[in-house]
Amino acid sequence: MFELLGIPPQALFGQLLLGLINGAFYAILSLGLAVIFGLLNIINFTHGAQYMMGAFVTWMLLHYFGIGYWWALLLAPLAVGVTGVLIQRFLLRPLHHLDHLYGLLLTFGLALIITGLFRNYFGVSGLPYQAPALLSGGNNLGFMYLPNSRAWVIVASLVVCFGTWFMIERTRLGAYLRAATENPTLVQAFGINVPLLITLTYGFGVALAAFAGVLAAPIYSVNPNMGSDLIIVVFAVVVIGGMGSILGAILTGFGLGVIEGLTKVFYPEASATIIFIIMALVLLVKPAGLFGRTA
Amino acid sequence: MRLKRILTMAAAAGLLAGAAHAQTAVKIGVLNDRSGVYADLSGEGSVVAARMAAEDFGAEAKGITVEVVSADHQNKPDIGSNIARQWYDTENVDVIVDVPTSSVALAVNEITREKNKVFLNSGAASSDLTGKACSPNTIHWTYDTYALAQGTGGAMVAQGGDSWFFITADYAFGHALERDTTALVQAAGGQILGSVRHPFPGSDFSSFLLQAQASGAKVIGMANAGGDTINTVKQAAEFGITQGGQSLAALLLFITDVRSLGLATAQGLIMTEAFYWDINDQTREFSRRFAEKHGGAQPTMVQAGVYSSVLHYLKAVEATGGKDPAAVMAKMKEMPTDDPAFGQGTVREDGRKMHDMYLFRVKSPDQSKGEWDLYEQLAVIPAEQAFRPLADSECPLVKKG
Numbered sequence: 001m002f003e004l005l006g007i008p009p010q011a012l013f014g015q016l017l018l019g020l021i022n023g024a025f026y027a028i029l030s031l032g033l034a035v036i037f038g039l040l041n042i043i044n045f046t047h048g049a050q051y052m053m054g055a056f057v058t059w060m061l062l063h064y065f066g067i068g069y070w071w072a073l074l075l076a077p078l079a080v081g082v083t084g085v086l087i088q089r090f091l092l093r094p095l096h097h098l099d100h101l102y103g104l105l106l107t108f109g110l111a112l113i114i115t116g117l118f119r120n121y122f123g124v125s126g127l128p129y130q131a132p133a134l135l136s137g138g139n140n141l142g143f144m145y146l147p148n149s150r151a152w153v154i155v156a157s158l159v160v161c162f163g164t165w166f167m168i169e170r171t172r173l174g175a176y177l178r179a180a181t182e183n184p185t186l187v188q189a190f191g192i193n194v195p196l197l198i199t200l201t202y203g204f205g206v207a208l209a210a211f212a213g214v215l216a217a218p219i220y221s222v223n224p225n226m227g228s229d230l231i232i233v234v235f236a237v238v239v240i241g242g243m244g245s246i247l248g249a250i251l252t253g254f255g256l257g258v259i260e261g262l263t264k265v266f267y268p269e270a271s272a273t274i275i276f277i278i279m280a281l282v283l284l285v286k287p288a289g290l291f292g293r294t295a
Numbered sequence: 296m297r298l299k300r301i302l303t304m305a306a307a308a309g310l311l312a313g314a315a316h317a318q319t320a321v322k323i324g325v326l327n328d329r330s331g332v333y334a335d336l337s338g339e340g341s342v343v344a345a346r347m348a349a350e351d352f353g354a355e356a357k358g359i360t361v362e363v364v365s366a367d368h369q370n371k372p373d374i375g376s377n378i379a380r381q382w383y384d385t386e387n388v389d390v391i392v393d394v395p396t397s398s399v400a401l402a403v404n405e406i407t408r409e410k411n412k413v414f415l416n417s418g419a420a421s422s423d424l425t426g427k428a429c430s431p432n433t434i435h436w437t438y439d440t441y442a443l444a445q446g447t448g449g450a451m452v453a454q455g456g457d458s459w460f461f462i463t464a465d466y467a468f469g470h471a472l473e474r475d476t477t478a479l480v481q482a483a484g485g486q487i488l489g490s491v492r493h494p495f496p497g498s499d500f501s502s503f504l505l506q507a508q509a510s511g512a513k514v515i516g517m518a519n520a521g522g523d524t525i526n527t528v529k530q531a532a533e534f535g536i537t538q539g540g541q542s543l544a545a546l547l548l549f550i551t552d553v554r555s556l557g558l559a560t561a562q563g564l565i566m567t568e569a570f571y572w573d574i575n576d577q578t579r580e581f582s583r584r585f586a587e588k589h590g591g592a593q594p595t596m597v598q599a600g601v602y603s604s605v606l607h608y609l610k611a612v613e614a615t616g617g618k619d620p621a622a623v624m625a626k627m628k629e630m631p632t633d634d635p636a637f638g639q640g641t642v643r644e645d646g647r648k649m650h651d652m653y654l655f656r657v658k659s660p661d662q663s664k665g666e667w668d669l670y671e672q673l674a675v676i677p678a679e680q681a682f683r684p685l686a687d688s689e690c691p692l693v694k695k696g
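First to last, the sequence lines map onto chains E and H.
Sequential numbering of the first sequence, starting at 1, is according to the numbering used here.
Sequential numbering of the second sequence, starting at 296, is according to the numbering used here.
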């Protein structure tokens, strides 16, 4: 049989597709981080915990209120986004004039506290969450069996990523946001409420993390550590893409998902480290990241 | 006159022995995962179990004071080693118990031998602890990879599962479990079609499952544990692995994992355990008391093993009237064990604790009558059959006749 790099092409297509699906998670998460960093200059280490909260809120909605997955897609990001708004308003804003490092330390500490609280209450084994009827089952594509839940992840993340990019780069609201980043004083002088804009942006970035959490709930074990396992990889993705670059975060997210997926076939032992090797190489050649602009 | 002198001496000796007895202070260090993937199956529950053993033994009344300390090794051998050294060197810990994660357990095994203390392992799986890495200072209490292979592996082979593909956690434990199961499958005339080693801990196993699916193996053996197994089983269901005619062998699955998966996903899985709360009246009574102290959660086999090992250790301390490691270890191997969790058993010269193992099948949601009613018992595997025979032992402590 015809083989490519030692494995049958069908298997390779399957692995590429899976890589793309994992990349979809990286893309949404790194997009949220990029939005927050690009517009607020905050390195949001709480992002992983907020992703985890998204998954837990999804579980709670079903378990305590009987509200299913489809509503959770809207409600969980909203609920977690509100907590983000509160964090920004009462904890991050006072640090606004200080160095990045303070925001980083604060968000890192918050992540540890949030994860610890969930761990204390729910344990580490995780909670079961059944996929809704529409997402269970799947289709045989010939080269692989594609579960509907995974196909949905790709569709949802493409829509969300494109929507976010369009809003920031192509709408009036996005223009205000970008202007407020460049020169907040001037934009404020034009009568735009810049602090509100910044608070809402942080809330939106957090909501993106929670949205990824909702997508993850039927696929991965819903447990308090799910975010801390992922966040380091996502940070590497953001660094490779270029801090603060919206398009860079999306493209690198998908791209690295694919590379990681291929590593899982050819040398699975390295699949947890490959992204960091790439990060080191990219930093050597292009310190600002693949899509970043040097200031 | 002579008789009187002898009597006086005897009385004085008795008094001294009594006084020495009253001074025996034992410090037990529970070293395990308190925040990561194995925290629910060991963690605080193991500390509860150790305290419970001291209470049940009636240590105070027997003149033995027991102090239980605990620490989080984060599943990292370097962190575990540092804590073990510190405990032995500066904090007068006499015995370290539990220690899940085979890589950490193997490190603590060496340190304990070097410092001449006692190590009672319950949480780790690698059969090397009583094999080539065996130590006069270590007892491996609850289960091991050899027994898991015999139990679950044997049952799958008996059902006609003669071709296997492994999804293996890439560290000491996964390697040992894959090795022991491979030996069993090949001895039964089966074939290994391939294996893939995933980083520990992982979260997405779809790529590995797809490789397992493509291999066409009848059985996909999951040589991983805790959160990794949970995610593998969950994603195997998503990818329709079992509908495609392949069987999943969860070579190591704990009751906490089954709870996390939910019966809808976990039903039908076959697994091997050393303990389940609902085996007999003794285990039910023990588990009820444990659950009262541990927020309603039933004990895992690891936690039950901590209870059993601490109880036996304290009996040996009482019997030898001190805590000299060599004397206590000799006594523990000489005395039969007896406790509500495992019934009667023995400790072998290579440090292997011998008791029966059980083969269970996870119930379907219809069969389950309660939150913790999860297993149906398929078979009892006698200790002699479950654990590696001494004749095959690589342990230097075993005298070959």
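C-beta atoms are modelled at their ideal positions from N, C-alpha and C, and glycine is treated no differently.
All values reported here derive from a predicted model rather than from experimental measurement.
- request: Would you mind telling me which residues of chain E sit closer than 9 angstroms to residue 464 (chain H), beta carbon to beta carbon, in chain order?
  value: Locating residue 464 (chain H) in the second sequence gives position 169, counting from the first residue. Going along chain E, no residue has its Cβ under 9 angstroms from residue 464 (chain H), so there is no contact; the nearest lies around 11 angstroms.
task: Examine chain E for any beta-carbon lying closer than 8 angstroms to the beta-carbon of residue 666 (chain H), and answer yes or no.
output: Working through the second sequence from its first residue, we reach residue 666 (chain H) at position 371. For residue 666 (chain H), the answer is no, since every Cβ of chain E falls outside 8 angstroms of its Cβ.
query: Taking residue 275 (chain E) as the reference, which of E:16, E:26 and E:12 has the closest Cα?
result: As a working mapping, residue 275 (chain E) is identified with position 275 in the first sequence. Out of E:16, E:26 and E:12, E:26 has the C-alpha closest to the C-alpha of residue 275 (chain E).
query: Looking at the structure shown, is residue 432 (chain H) part of a helix, part of a strand, or coil, going by DSSP?
result: Along the second sequence, one-based indexing puts residue 432 (chain H) at 137. In this structure, residue 432 (chain H) counts as coil in the three-state DSSP scheme.
- prompt: Under the three-state reduction of DSSP, which class applies to residue 130 (chain E): helix, strand or coil?
  reply: Residue 130 (chain E) sits at position 130 when you count from the first residue of the first sequence. Correct three-state label for residue 130 (chain E): coil.
- prompt: Expressed to the nearest angstrom, what Euclidean distance is found between the alpha-carbon atoms of residue 138 (chain E) and residue 17 (chain E)?
  reply: Start at 1 with the first residue of the first sequence, and residue 138 (chain E) comes out as number 138. Start at 1 with the first residue of the first sequence, and residue 17 (chain E) comes out as number 17. Going by the C-alpha atoms only, they are around 14 angstroms apart.
query: Is the distance from the Cβ of residue 565 (chain H) to the Cβ of residue 125 (chain E) below 8 angstroms?
result: Reading the second sequence from its first residue, position 270 is the one you call residue 565 (chain H). Reading the first sequence from its first residue, position 125 is the one you call residue 125 (chain E). Not closer than 8 angstroms, so no.
query: So, is residue 610 (chain H) buried or exposed, given that buried needs 16 or more other C-beta atoms within 10 angstroms?
result: Mapped onto the second sequence, residue 610 (chain H) falls at position 315. With 16 or more other Cβ atoms within 10 Å, it is buried.
Whether residue 254 (chain E) touches residue 23 (chain E) by CB criterion (8 angstroms): On the first sequence, residue 254 (chain E) is found 254 positions in, with the first residue counted as 1. On the first sequence, residue 23 (chain E) is found 23 positions in, with the first residue counted as 1. For residue 254 (chain E) and residue 23 (chain E), yes; Cβs fall inside 8 angstroms.
Partner residues on chain E for residue 395 (chain H), Cβ-Cβ distance less than 7 angstroms: Counting from one through the second sequence, the residue named residue 395 (chain H) turns up at place 100. In chain order: nothing, as chain E lies at least about 12 angstroms away.
query: What does residue 147 (chain E) touch in chain H if you count any residue whose Cβ is under 7 angstroms from its own?
result: Residue mapping note: residue 147 (chain E) aligns to position 147 of the first sequence, counting from 1. By Cβ distance, chain H contributes 533 and 534.
- prompt: Whose C-beta lies closer than 6 angstroms to the C-beta of residue 146 (chain E) among residues of the same chain, with five residues either side of it excluded?
  reply: Position 146 of the first sequence, counting from 1, holds the residue named residue 146 (chain E). Cβ neighbours of residue 146 (chain E) beyond the five flanking positions: 138 and 139.
message: Check whether chain H comes within 8 angstroms of residue 112 (chain E), counting only Cβ atoms and requiring the distance to be less than that.
response: Here residue 112 (chain E) corresponds to residue number 112 of the first sequence, with the count starting at 1. Answer no: the Cβ-Cβ gap between residue 112 (chain E) and chain H never drops below 8 angstroms.
query: Given a threshold of 16 other Cβ atoms within 10 Å of its Cβ, counted over all protein chains shown, does residue 508 (chain H) qualify as buried or as exposed?
result: For the purposes of this step, residue 508 (chain H) is identified with residue 213 of the second sequence, where counting begins at 1. Buried, by the Cβ-count rule.
task: Closer than 7 angstroms by C-beta to residue 316 (chain H): which residues in its own chain qualify, once you throw out the five before and the five after it? Chain order, please.
output: Position 21 of the second sequence, counted from the first residue, corresponds to residue 316 (chain H). Confidence at residue 316 (chain H) is low in this model, with a pLDDT of 47, below 50, so its placement is unreliable and the value that follows should be read with caution. Around residue 316 (chain H): 358 and 616.
- request: Return the chain-ordered list of same chain residues with a C-beta closer than 8 angstroms to the C-beta of residue 282 (chain E), the five sequence neighbours on each side being excluded.
  value: Residue numbering aside, residue 282 (chain E) sits at position 282 when the first sequence is read from its first letter. So the qualifying residues of the chain are 239, 240, 289 and 290.
Residues of the segment 495-519 of chain H whose Cβ lies closer than 8 angstroms to any Cβ of chain E, in chain order: 496, 497, 498, 499, 501, 502, 503, 505, 506, 508 and 509
message: I'd like to know whether the C-beta atoms of residue 257 (chain E) and residue 19 (chain E) end up nearer to each other than 8 angstroms.
response: Counted from its first residue, the first sequence places residue 257 (chain E) at position 257. Counted from its first residue, the first sequence places residue 19 (chain E) at position 19. Yes. Within cutoff.
task: Below 6 angstroms CB to CB, which residues in the same chain sit around residue 600 (chain H) once its five sequence neighbours on both sides are set aside?
output: As a first step, residue 600 (chain H) is located in the second sequence; it is residue number 305 there, counting from the start. Counting only Cβ-Cβ distances below 6 angstroms, and skipping sequence neighbours, we find 417, 436 and 437.
message: So, for residue 15 (chain E): in the same chain, excluding its five sequence neighbours on each side, which residues have a beta-carbon less than 6 angstroms away from its beta-carbon?
response: The residue labelled residue 15 (chain E) in the question sits at position 15 within the first sequence. The answer, listed in chain order, is 261 and 265.
- request: Work out the CA separation of residue 134 (chain E) and residue 248 (chain H) for me, nearest whole Å.
  value: Residue 248 (chain H) is absent from the model: chain H starts at 296 and stops at 696.
field: Collapsed DSSP secondary structure at residue 656 (chain H) in the structure displayed
entry: Position 361 of the second sequence, counted from the start, is the residue given in the question as residue 656 (chain H). Correct three-state label for residue 656 (chain H): strand.
- prompt: Can you tell me whether residue 670 (chain H) is buried or exposed, with buried defined as 16 or more other CB within 10 angstroms of its CB?
  reply: On the second sequence, residue 670 (chain H) is found 375 positions in, with the first residue counted as 1. Buried, since its Cβ has 16 or more Cβ neighbours within 10 Å.
- prompt: Out of curiosity, what's the CA-to-CA distance linking residue 312 (chain H) and residue 344 (chain H)?
  reply: Within the second sequence, numbered from 1, the residue matching residue 312 (chain H) stands at position 17. Within the second sequence, numbered from 1, the residue matching residue 344 (chain H) stands at position 49. For residue 312 (chain H), the predicted structure reports a pLDDT of 49, less than 50, and the residue's modelled location is therefore unreliable. The matter cannot be settled from this model.
- request: Compare the C-beta of residue 51 (chain E) with all C-beta atoms of chain H and state if any pair is closer than 8 angstroms.
  value: Sequence index remark: in the first sequence, residue 51 (chain E) carries index 51 (1-based). So no, residue 51 (chain E) is outside the interface.
- prompt: Roughly how many whole angstroms lie between the Cα atoms of residue 412 (chain H) and residue 590 (chain H)?
  reply: The residue labelled residue 412 (chain H) in the question sits at position 117 within the second sequence. The residue labelled residue 590 (chain H) in the question sits at position 295 within the second sequence. Whole-angstrom Cα-Cα distance: 33 angstroms.
query: Cα-Cα, which of E:176, E:123, E:40 and E:45 is closest to residue 89 (chain E)?
result: Taking the first sequence and counting its residues from 1, one reaches residue 89 (chain E) at position 89. Comparing Cα positions, the closest option is E:40.
- prompt: Interface residues of chain H around residue 138 (chain E) at Cβ under 9 angstroms?
  reply: Along the first sequence, one-based indexing puts residue 138 (chain E) at 138. What residue 138 (chain E) touches in chain H: 533, 534 and 535.
Within chain A, the residues that residue 220 (chain E) reaches when beta carbons sit closer than 7 angstroms: Absent here is chain A; the protein component of the structure consists of chains E and H.
task: Taking 8 angstroms as the cut-off, decide whether the C-beta atoms of residue 652 (chain H) and residue 686 (chain H) are in contact.
output: Position 357 of the second sequence, counted from the start, is the residue given in the question as residue 652 (chain H). Position 391 of the second sequence, counted from the start, is the residue given in the question as residue 686 (chain H). Against a cut-off of 8 angstroms, the Cβ pair of residue 686 (chain H) and residue 652 (chain H) comes out as no contact.
- request: Spell out whether any CB of chain H is found under 8 angstroms from the CB atom of residue 290 (chain E).
  value: As a first step, residue 290 (chain E) must be located in the first sequence, where it is residue number 290. No, no contact with chain H.
message: For residue 249 (chain E) and residue 31 (chain E), which I take to be in contact (beta-carbon distance under 8 angstroms), what is that distance rounded to the nearest angstrom?
response: Along the first sequence, read from residue 1 onward, the residue named residue 249 (chain E) stands at position 249. Along the first sequence, read from residue 1 onward, the residue named residue 31 (chain E) stands at position 31. The Cβ separation is near 5 angstroms, so the contact holds.
- request: State the start and end residues of the unbroken alpha helix (DSSP H) segment that holds residue 576 (chain H).
  value: Numbered from 1 along the second sequence, position 281 holds the residue referred to as residue 576 (chain H). Start and end: 576-588.
field: Sub-8 angstroms separation of residue 348 (chain H) and residue 606 (chain H) beta-carbons
entry: One-based indexing of the second sequence puts residue 348 (chain H) at position 53. One-based indexing of the second sequence puts residue 606 (chain H) at position 311. Yes, Cβ-Cβ distance for residue 348 (chain H) and residue 606 (chain H) is below 8 angstroms.
query: Listed in chain order, which residues of the segment 322-341 of chain H have Cβ atoms closer than 7 angstroms to some Cβ of chain E?
result: 330, 331, 332, 334 and 335
task: Could you tell me which residues DSSP puts in a beta bridge with residue 573 (chain H)?
output: Locating residue 573 (chain H) in the second sequence gives position 278, counting from the first residue. DSSP output for residue 573 (chain H) lists no bridge partner at all.
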